[in-house]
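Report on the following structure.
So this is what it looks like as structure tokens:
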């Protein structure tokens with residue numbers, strides 16, 4: 023039977039969970055995820071965990087933060103004076119915003135903390151610092 027190797031196009035069903043058991047993503051009810059193995063289209067740790075799989079095989083792949091979305095980096099958090107935030111912008115913790123960097127690039131942030139005078143914006147990926155577990159089934163190759 024053919025084993026998945028770099029350069030193959032894989033069609034994969036998956037469910038991703040965090041250590042507390044909560045599901046952060048799933049292909050349930052959707053077409054399988056399709057990508058080229060080894061092309062860097064998915065997180066590195068999951069790619070490594072899929073090498074050698076055969077069609078029809080199921081596998082549980084645990085990916086530590088360093089090989090997923092990286093560690094949570096405190097330097098990617100920034101306090102902003104509330105007086106500089108326009109009134110029409112929501113300021114509740116957990117709100118996702120898009121801000122413009124000094125060089126004009128758009129960046130996604132989440133409001134991590136709110137005080138009377140400041141908002142703390144977090145530019146880390148929402149899954150940064152978290153280990154991820156994937157239950158995967160290789161549907162087809164090619």
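Residue numbers (the working numbering): 23 to 164. Where a beta carbon is used, it is the ideal one built from N, C-alpha and C, also for glycine. Predicted, not measured: the structure shown is a model, and the values here were computed from it.
- Counting the other Cβ atoms within 10 Å of the Cβ of residue 131 gives 16 or more, which makes it buried.
- Contact check for residue 45 and residue 67: beta-carbon distance about 18 Å, past the 8 Å limit, so the pair fails to qualify.
- Under DSSP, the beta-bridge partners assigned to residue 130 are 120.
- In the three-state reduction of the DSSP assignment, residue 149 falls in the coil class, being assigned neither a helical nor a strand state.
- A residue is called buried once 16 or more other Cβ atoms fall within 10 Å of its Cβ, and residue 129, having fewer, is exposed.
- Out of 50, 146, 30 and 139, the CA that lies nearest to the CA of residue 36 is found in 50.
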